[in-house]
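In what follows, a structure is listed as structure tokens, so that the remarks can point back to it.
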Amino acid sequence: MSTIVYELPWYATGLRADKLAAALQELTPKLLGLGALEVRVLRARDDQYRFRQSIVVPDKTTWARLWNSETFVQFRATNTSFHQKPLNYEIYAPIAHASAEGLTDVFGDEPFGPAKAAEDERISGQPVPTQSG
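Using our numbering, the letters of the sequence shown correspond one by one to residues 1 to 133.
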């Protein structure tokens with residue numbers, strides 16, 4: 001299979017970063033139902049207003065169907081005041097991948113944090129507790 005990765009660089013507008021985060025968290029599983037193979041949303045640790053959404057699809061037809069779906073169009077229309085425009089996606093072809101031995105998904109055990117940056121130790125700069133102590 002030849003996969004394609006679409007990267008969407010979201011940048012929240014003033015005081016709406018947490019609302020955008022919550023909206024992206026809600027959208028993510030819906031995109032799987034529309035044909036995405038994988039969806040990841042990352043929030044910058046050094047700028048709580050910056051997000052990166054990666055959507056992996058099997059082909060351009062799936063992307064077009066997903067991007068123009070009622071779900072995604074409604075998401076962009078409903079949340080238009082939460083992010084800066086224009087929203088220009090970038091298209092990538094995977095060329096390399098590696099992971100630690102025995103690890104199937106680097107995010108598999110990641111406890112996804114709350115949408116509010118102030119409540120997320122990973123964003124607030126506080127030490128992140130580890131399982132070992």
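Glycine included, every Cβ here is placed at the ideal spot set by N, Cα and C.
- Shown here, L27 sits in a helix according to DSSP, grouped into three states.
- Of the residues V5, R50 and R40, the one whose Cα lies closest to the Cα of F82 is R50.
- For Q74, the enclosing alpha helix (DSSP H) covers residues E70 to T78.
- Going by beta carbons, L34 and R65 fall inside the 8 Å limit.
- Scanning P94, N79 and A17 for the CA closest to the CA of R45 turns up A17.
- The closest CA to that of E119, considering only A36, Q48 and I55, is found on Q48.
- DSSP lists P9 and L42 as the bridge partner or partners of R52.
- Distance from the Cα of E38 is smallest, within the candidate group Q84, Y6, T78 and A23, for Y6.
- Here E90 carries a strand assignment [DSSP, helix/strand/coil].
- Going by beta carbons, R43 and A23 fall outside the 8 Å limit.
- Taking all protein chains shown into account, I55 has 16 or more neighbouring C-beta atoms within 10 Å of its C-beta and is therefore buried.
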